[in-house]
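Worksheet: the structure to be examined is printed underneath.
In UniProt numbering, the protein residues as written are 1 to 278.
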């Protein structure tokens, strides 16, 4: 294995509960010296660490999470490469990486060799021996299987629960989302950022229900108008038949009276004509 270049590692910082020791200057050569300030281009620095648009600080939080993960991996690499279990503590301190002080390296080895840290590494070893990858944290496989069945049943009864929302199938089966992350999305988005915008938009199922409701109302109004129109046509047809019957009766009456209508019948006919004109 090719040893890493020592100048790639920054000095290790102990926890703030203890006062840090006095800084020491590394004199291993020019490759470990800090570059002068005049070598840093402010425009390049601005391009690397400045973002024109970072709504809600998403980019900043994502970068901090990635840096934290890289820092954890770097500490593991330092310990696994430079620490030798067959050597004493003082010998391991002498063989520390360049650029890290003896006090810093001693604290780091004490931390990594503590009982609590050894217990964590033991758990990692046990997990590596599992036949199936377990990604459910402290949940057992039986509990995970039960939750999967619960999610499947919820989605079978309500297809809208498949859509991402605060009441989707995952939320109903697993409980309310924890702040700082959203299930199934990954690092970066938070609940307020995702559901703060999605909750304002009606779901597809809600839009479908609203469309069906409006369609039923229009169909009902159309049916009522058709019934009214049919009633008016029936009434007009009845009036027409009634008028034709009356006209036939009057014709018979006129013929019986020698071609002249009685005075009261003529008055009644004139009133009917006036109503029909109105």
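Cβ atoms here follow ideal geometry from the backbone N, Cα and C, with glycine treated the same way.
Just how far apart, CA to CA, sit residue i and residue j?
| i | j | result |
| --- | --- | --- |
| residue 191 | residue 91 | 50 angstroms |
| residue 271 | residue 250 | 15 angstroms |
| residue 165 | residue 235 | 56 angstroms |
| residue 219 | residue 212 | 10 angstroms |
| residue 222 | residue 216 | 10 angstroms |
| residue 119 | residue 89 | 20 angstroms |
| residue 112 | residue 130 | 24 angstroms |
| residue 200 | residue 207 | Any answer about residue 200 is weak, because its pLDDT of 45 lies below 50 and its placement is not dependable; what the coordinates show is given next. Rounded to whole angstroms, residue 200 to residue 207 spans 13 angstroms at the Cα level. |
| residue 225 | residue 243 | 27 angstroms |
| residue 155 | residue 144 | 17 angstroms |
| residue 72 | residue 209 | 50 angstroms |
| residue 247 | residue 233 | 21 angstroms |
| residue 123 | residue 70 | 21 angstroms |
| residue 125 | residue 66 | 24 angstroms |
| residue 240 | residue 214 | 39 angstroms |
| residue 163 | residue 228 | 44 angstroms |
| residue 24 | residue 104 | Only weak support is given to the placement of residue 24: the predicted model assigns it a pLDDT of 46, under 50, and the value that follows is read from those uncertain coordinates. Each residue's Cα considered, the two are about 11 angstroms apart. |
| residue 161 | residue 100 | 54 angstroms |
| residue 102 | residue 116 | 23 angstroms |
| residue 245 | residue 230 | 22 angstroms |
| residue 17 | residue 139 | Reliability of the predicted coordinates at residue 17 is poor, the pLDDT of 49 falling under 50, and the value obtained from them is presented with this limitation in mind. The alpha-carbon atoms of residue 17 and residue 139 are separated by roughly 34 angstroms. |
| residue 53 | residue 60 | 11 angstroms |
| residue 121 | residue 142 | 25 angstroms |
| residue 158 | residue 182 | 21 angstroms |
| residue 87 | residue 114 | 17 angstroms |
| residue 238 | residue 252 | 21 angstroms |
Please identify the residue among the options whose C-alpha is closest to the C-alpha of residue i.
| i | options | result |
| --- | --- | --- |
| residue 62 | 108, 171, 206, 180 | 180 |
| residue 97 | 110, 80, 85, 111 | 80 |
| residue 110 | 85, 122, 126 | 85 |
| residue 176 | 160, 195, 158 | 195 |
| residue 174 | 71, 146, 252 | 146 |
| residue 77 | 114, 238, 108 | 108 |
| residue 55 | 141, 252, 193, 238 | 193 |
Ends of the alpha helix (DSSP H) at residue i?
| i | result |
| --- | --- |
| residue 76 | 58 to 82 |
| residue 177 | Careful: residue 177 lies outside any alpha helix (DSSP H) and carries neither H nor E. |
| residue 153 | 141 to 157 |
| residue 112 | 102 to 112 |
| residue 364 | With the chain represented from 1 up to 278, any question about residue 364 goes unanswered, as that position is not in the structure. |
Assuming the contact rule is C-beta atoms closer than 8 angstroms, residue i and residue j should be a hit. Round their C-beta distance to whole Å, please.
| i | j | result |
| --- | --- | --- |
| residue 58 | residue 188 | 6 angstroms |
| residue 93 | residue 106 | 6 angstroms |
| residue 82 | residue 95 | 6 angstroms |
> Does the pairing of the segment 143 to 156 with the segment 166 to 186 give three or more beta-carbon distances under 8 angstroms?
Replying inline: yes
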